[in-house]
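The opening position of the sequence shown corresponds to residue 1 in UniProt numbering, with each subsequent residue numbered one higher.
Below: one structure, written as structure tokens.
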Amino acid sequence: MSGPPVPSGTAINFADKFSLFSEHWTPKVIARMNDYQFKLVKVEGEFIWHSHADTDEVFIVLEGELEIHLRDGKVILGAGEMYVVGKGVEHKPFAAQEAKILLVEPCGVINTGEHTGDLTAENDRWI
1 MSGPPVPSGT AINFADKFSL FSEHWTPKVI ARMNDYQFKL VKVEGEFIWH
51 SHADTDEVFI VLEGELEIHL RDGKVILGAG EMYVVGKGVE HKPFAAQEAK
101 ILLVEPCGVI NTGEHTGDLT AENDRWI
């Protein structure tokens, strides 16, 4: 799970990385720091209710707007905003129009948590 190394002194350009894929809800790893991965994902429409029993999950909105529905409300994030979903908290992301998100989470986290189905993405996919 180490992934390709980033050459020393090389910046990672989000726009360049986003141009490499078009599908929604399929996180792509762009960097690793210790046991954490930085993942880019394009989202649009509704995801599923899920949780991550062993870890928090960080959503950073780079472009667009993301709603994170929680069982007791929702958080609306615009570009330049972030939210930490706590460990074990059920949540359902939603974007009325395409949004571009940076996720920060431990290596090995599956996008649908304990659930599997059509929206479960291949894990540890580097671009």
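Note that beta-carbon positions come from the ideal geometry of N, C-alpha and C, so glycine has one too.
Because the structure is a prediction, the values reported are computed rather than measured.
| Item | Value |
| --- | --- |
| Proximal residues to A79 (C-beta, below 8 Å), its chain only, five neighbours per side dropped | V61, L62, E63, G64, E65 |
| N- and C-terminal bounds of the beta strand (DSSP E) containing F38 | 36-46 |
| Three-state class that DSSP yields for K17 in the structure shown | helix |
| Sufficient close CB pairs (3 or more, under 8 Å) joining the region 98-109 to the region 49-61 | yes |
| For W126, the three-state DSSP class (helix, strand or coil) | strand |
| Residues bridged to E67 (per DSSP) | I76, F94 |
| For V43, the nearest candidate out of R125, A99, D118 (CA to CA) | A99 |
| Inter-residue spacing [alpha-carbon to alpha-carbon] between H50 and P93 | 9 Å |
| Pick from E67, V89, T10 that is closest to H52, judged by C-alpha positions | V89 |
| Assigned secondary structure, H24 (DSSP; H/G/I helix, E/B strand, else coil) | strand |
| Environment of A11 [buried if 16+ CB atoms lie within 10 Å] | exposed |
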